[in-house]
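In terms of the working numbering, the sequence shown opens at residue 533 and continues consecutively. What follows is one structure encoded as structure tokens, with my remarks underneath.
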Amino acid sequence: MKLALSLLLLGAFAVFSFTVKNRLNTKESPVTALKLSAPMPDFTLPDASGQPVKFSDVSRQNKLVLINFWATWCTPCRMEMPEFEKIYGAKKTQGFTILAISEDAEREKLDTYLKNKPVSFPVLIDKDGALAKQFGIRALPTTILVDRDGKVQQVIEGVEPYLEFSIEHYSRDRKP
């Protein structure tokens with residue numbers, strides 16, 4: 533019994549070590565780490581209608597920007613959407629916007645979701661997940677709060693119950 537358990541643990545350790553080594557040795561494009569108080573890296577993605585949206589064009593409008601990486605298959609992501617819609621409705625005239633970045637591989641599922649649960653903020657498409665990989669996004673949902681100066685103020689993995697408080701805090705910081 534002890535021998536079997538020892539072999540099992542040794543095997544698990546070997547698999548873990550091999551996986552970590554391979555991740556460290558991959559030759560994928562470098563990750564652009566999102567650092568707090570540093571400028572948000574620029575990116576361009578198509579919106580749900582296919583039109584390109586450039587982050588710098590949005591942030592140049594002196595807006596507080598909430599960027600949310602999500603997917604329709606992610607239950608916590610779907611749970612956040614009504615709250616985001618409520619916050620957006622209350623704050624959009626006060627220099628605030630949301631960019632919801634869909635990580636759905638199948639566009640039809642996203643279209644069906646948005647048809648059944650429409651949102652009024654922009655939904656961008658990161659179909660192959662390249663932007664999420666570039667920014668080192670490890671979990672969905674991941675929410676990034678960018679202040680009016682274009683600097684990253686928060687990176688939140690998972691659901692954040694106090695997100696509205698953070699938005700209010702950075703909204704008061706400086707009016708547009």
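We treat Cβ as the ideally placed atom computed from N, Cα and C, and that holds for glycine.
Within its own chain, the residues whose Cβ lies closer than 6 Å to the Cβ of residue 568, once the five positions on either side in sequence are excluded, are 684, listed in chain order. If you compare the alpha carbons of 589, 691, 680, 615 with that of residue 650, the shortest gap goes to 615. Per DSSP, residue 673 is not a residue of any beta strand (DSSP E), being assigned neither H nor E. Annotated three-state conformation of residue 634 is strand, per DSSP.
At a Cβ-Cβ threshold of 8 Å, residue 653 and residue 632 count as neighbours. Scanning 602, 618, 688 for the CA closest to the CA of residue 641 turns up 602. DSSP places residue 600 within a strand segment (E or B) once states are collapsed to three. DSSP, reduced to helix, strand and coil, places residue 586 within a strand of the structure shown. Taking the Cα positions, residue 689 is about 12 Å away from residue 695.
Residue burial is scored here from C-beta neighbours: residue 575 has at least 16 other C-beta atoms within 10 angstroms and is therefore classed as buried.
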